[in-house]
Amino acid sequence: MTKLAEFRAAERKLAEQLSQLENIKQTVGLQEELDFSNELKRLMDQYGMSIPSVLAILKSTPER
Numbered sequence: 396m397t398k399l400a401e402f403r404a405a406e407r408k409l410a411e412q413l414s415q416l417e418n419i420k421q422t423v424g425l426q427e428e429l430d431f432s433n434e435l436k437r438l439m440d441q442y443g444m445s446i447p448s449v450l451a452i453l454k455s456t457p458e459r
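One rule links them: number in my numbering = place in the sequence shown (from 1) + 395.
What follows is the structure, given as C-alpha cells:
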C-alpha cells in the first residue's frame, strides 16, 4: 500500500470514528452519566475514598 493510500484509509477511518463519536454525544443519557461520574469522583476526592472502598460500601448496603 502506498503512503497516499495508507493516508486516505486512515482519513476514512478517522471520519467514521468522528461520526460515531458525534452519535454517542447525542445520546440522551450521556450527559447525565458524565455529570454523575464527575460528581462521584469529586465526592470520592473530598472524602478520601477509593473505588474499592465505595464498592465495598455499596455491596454491604441492602438493595432497595
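Quick reminder that beta carbons are idealized off the backbone N, C-alpha and C, glycines included. In this text the structure is predicted, and so the values were computed from the model without any measurement.
Which of helix, strand or coil DSSP assigns to residue i
i    : result
L432 : Here residue 432 is Ser; the residue named in the question, Leu, does not match the sequence. If DSSP states are grouped into helix, strand and coil, S432 belongs with the helices.
V423 : coil
M460 : The displayed coordinates of the chain run from 396 to 459. Any statement about residue 460 would go beyond what the structure contains.
P447 : helix
E458 : coil
Minimum Cβ-Cβ distance from residue i to chain B less than 7 angstroms
i    : result
P447 : As a matter of chain content, chain B is missing from the structure shown, which is built from one protein chain.
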